[in-house]
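Be aware that the sequence shown starts at 1, since it is given in this note's numbering, and climbs by one per residue.
Worksheet for the structure shown next.
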Amino acid sequence: MIPAYYKLLNNRANGGAGGAGGDHGGNGGFTFFTGHNDPGVGGNGGDGGDGGSAIGGAIFNQGAGFSIGTQATFTNDQANGGNGGAGGAGGAYCGDPRIRGDGGDGGNGGAAGGGAIANQGNGFTLAAPSSFTSDQATGGNGGKGGDGGPSPRGGTNGGDGGDGGAATGGAILNAAFNFTATTVSFLLDNAIGGNAGNGGRGFGSGVDGDGGDGGDAIGGSVASVGSITLAGGSMSLGNANAGNGGSGWTGGAGGSATGGGLFATGLRQGGGLTLSRFTVSFNAARGGAGGAGTINAGGAGGAATGGGVAVLSGVATIDATNIGNNQALGGSGGSGGAGMAGAPAAPRPAAASPRAPRPPSPAAPSPRTSRRGATAATRPPAGPAATAATAETPSAAASR
Numbered sequence: 001m002i003p004a005y006y007k008l009l010n011n012r013a014n015g016g017a018g019g020a021g022g023d024h025g026g027n028g029g030f031t032f033f034t035g036h037n038d039p040g041v042g043g044n045g046g047d048g049g050d051g052g053s054a055i056g057g058a059i060f061n062q063g064a065g066f067s068i069g070t071q072a073t074f075t076n077d078q079a080n081g082g083n084g085g086a087g088g089a090g091g092a093y094c095g096d097p098r099i100r101g102d103g104g105d106g107g108n109g110g111a112a113g114g115g116a117i118a119n120q121g122n123g124f125t126l127a128a129p130s131s132f133t134s135d136q137a138t139g140g141n142g143g144k145g146g147d148g149g150p151s152p153r154g155g156t157n158g159g160d161g162g163d164g165g166a167a168t169g170g171a172i173l174n175a176a177f178n179f180t181a182t183t184v185s186f187l188l189d190n191a192i193g194g195n196a197g198n199g200g201r202g203f204g205s206g207v208d209g210d211g212g213d214g215g216d217a218i219g220g221s222v223a224s225v226g227s228i229t230l231a232g233g234s235m236s237l238g239n240a241n242a243g244n245g246g247s248g249w250t251g252g253a254g255g256s257a258t259g260g261g262l263f264a265t266g267l268r269q270g271g272g273l274t275l276s277r278f279t280v281s282f283n284a285a286r287g288g289a290g291g292a293g294t295i296n297a298g299g300a301g302g303a304a305t306g307g308g309v310a311v312l313s314g315v316a317t318i319d320a321t322n323i324g325n326n327q328a329l330g331g332s333g334g335s336g337g338a339g340m341a342g343a344p345a346a347p348r349p350a351a352a353s354p355r356a357p358r359p360p361s362p363a364a365p366s367p368r369t370s371r372r373g374a375t376a377a378t379r380p381p382a383g384p385a386a387t388a389a390t391a392e393t394p395s396a397a398a399s400r
């Protein structure tokens, strides 16, 4: 239990940044009898590491029956996902067109959830009154793809940009049943998806890497997966701002934004939303802009849903509540590229030297399909059913 009159200010949970991929240079082989160098071998650049996730800027709770006493204040607390590392540059080669060094892919940004509080225990309560001001969850930015290595003949490909990390619950992320708050105010809280990395530059007849996809933003002030009751209070000037897609051979898509003020979804018909004597005003959900395509299409702008409140599933009961002056703004699409000279712009040519599939990130369970056709690094959870990289479902919490 957190006692009454408790103040939590300027706390941080920061995920670590992913490491940059190594640059793979090539050395010429030595021929014993002639003393001349053989053709050099240009290695592929290493992939950048994924950024670490961050959850619960001030408080992270997994126990049942957690409570916070009266007149608690949370101000400027943050959960910040780590940035993805840049892909390494491909190495140079000389003399042998079969050997070339492509750039490595950029790492994905880390997910962030619950700028002030991340709760995974059933029966969480906030006593009246309490306040959350300028709290923020920010997904990490995706890393830039590495540039292809110089090649006097043929070409090398740039690496793909990394995806931006998702942000869920600017002030509170609840992933449990029976969260109740009475006379609570939320002001200027934000969930901000990470921007994607740009694709690396190709060399010669090679192609640029694709831009990554922007990170999603869910619940500018509060995101709840389970059941939530807000009785008395207000939620104002919150934002769910999704990340922008990266530029590249094909531009990356902007992230989607859901619930500028409040996001709620029930699980297995056991959860839902109850709003009573509550005001939700001047909040906004903003989809990210699509990235520009250097040759192929620009990325699609991100969708925006529920400027004030977004309820995806479960039973919603709204009584004596004022919801007004909220906005849902879709992101703009990215500009298209000029196309390839003498050939169709799509499909994109295959890489001259295929890389091995990038292993899935342990923090992100569903694999992302690479734009080159191989299985690449997984994107951090960004959907309503996966609100944070380490979140536990209410049913799992109940079984403990």
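Positions of the beta carbon are idealized from the N, C-alpha and C atoms, including for glycine.
Quiz item: Hey, how far is the Cα of residue 363 from the Cα of residue 84?
Solution: Interpretation of residue 363 is limited by its pLDDT of 35, a score under 50 that renders its predicted location unreliable; the figure taken from the coordinates is listed afterwards. Going from the Cα of residue 363 to the Cα of residue 84 covers about 13 Å.
Quiz item: To the nearest whole angstrom, what separates the beta carbons of residue 69 and residue 196, a pair I think is in contact under 8 Å?
Solution: Actually they do not touch by this definition, with Cβ atoms about 42 Å apart.
Exercise. Mind reading off the beta-carbon distance from residue 260 to residue 238? Whole number of angstroms is fine, and I expect it under 8 Å.
Key: 6 Å
Quiz item: What residue from 136, 48, 167 and 214 has the CA that sits closest to residue 332's CA?
Solution: 214
Quiz item: On the premise that residue 280 lies in contact with residue 235, defined as a C-beta separation below 8 Å, what is that separation, rounded to the nearest angstrom?
Solution: 5 Å
Quiz item: Where are the beta strand (DSSP E) runs, 3 residues long or more, that stay fully inside the segment 211-279, in chain order?
Solution: 222-225, 228-236, 239-241 and 262-265
Quiz item: What are the start and end residues of the beta strand (DSSP E) that includes residue 190?
Solution: 190-192
Quiz item: When you compare only the Cα positions, how much space is there between residue 55 and residue 321?
Solution: 30 Å
Self-check item: The beta strand (DSSP E) enclosing residue 207, as first and last residue numbers
Solution: Segment: none, residue 207 is in no beta strand (DSSP E) and carries neither H nor E.
Quiz item: On the premise that residue 211 lies in contact with residue 194, defined as a C-beta separation below 8 Å, what is that separation, rounded to the nearest angstrom?
Solution: Actually they do not touch by this definition, with Cβ atoms about 13 Å apart.
Practice problem: Compute the Euclidean distance between the alpha carbons of residue 7 and residue 72, then round it to the nearest angstrom. | Solution: 6 Å
Practice problem: Please check if any C-beta of chain D sits within less than 8 Å of the C-beta of residue 221. | Solution: Absent from the structure: chain D. Only one protein chain is present.
Quiz item: Helix, strand or coil: which one does DSSP assign to residue 295?
Solution: coil
Practice problem: Can you give me the start and stop residues for the beta strand (DSSP E) that residue 185 sits inside? | Solution: 179-187
Practice problem: Spatial neighbours of residue 265 within its chain, please: CB distance less than 8 Å, with the 5 preceding and 5 following residues excluded, ordered by chain position. | Solution: 224, 225, 271, 311, 312, 313, 314, 384 and 385
Quiz prompt | Rounded Cβ spacing between residue 132 and residue 66 (contact assumed at less than 8 Å) | solution = Incorrect: roughly 16 Å between the Cβ atoms, too far for contact.
Quiz item: When burial is assigned at 16 or more other CB atoms within 10 Å of the CB, is residue 201 buried or exposed?
Solution: buried
Practice problem: Could you tell me which residues DSSP pairs with residue 174 in its beta bridges? | Solution: 119 and 224
Quiz item: Under a Cβ-count criterion, where at least 16 other Cβ atoms within 10 Å of its own Cβ denotes burial, should residue 15 be classed as buried or exposed?
Solution: buried
Quiz prompt | Beta-carbon separation (whole angstroms), residue 137 vs residue 182, contact threshold 8 Å | solution = Their Cβ separation, rounded to whole angstroms, is 24 Å, which puts residue 137 and residue 182 out of contact at 8 Å.
Self-check item: Reduced DSSP secondary structure (H/G/I, E/B, other) of residue 60
Solution: strand
Quiz prompt | Local Cβ density within 10 Å of residue 286, reported as buried at 16 or more and exposed below that | solution = buried
Quiz item: Considering only residues of the same chain and omitting the five flanking positions on each side of residue 216, which have a CB-CB separation below 6 Å?
Solution: 166, 193, 242, 255, 256 and 382
Quiz prompt | Residues near residue 36 by beta carbon distance below 7 Å, same chain, minus five either side | solution = Any reading at residue 36 needs caution, since the residue's pLDDT is 45, under 50, leaving its predicted position unreliable; the model's value is listed next. Answer for residue 36: no residue qualifies.
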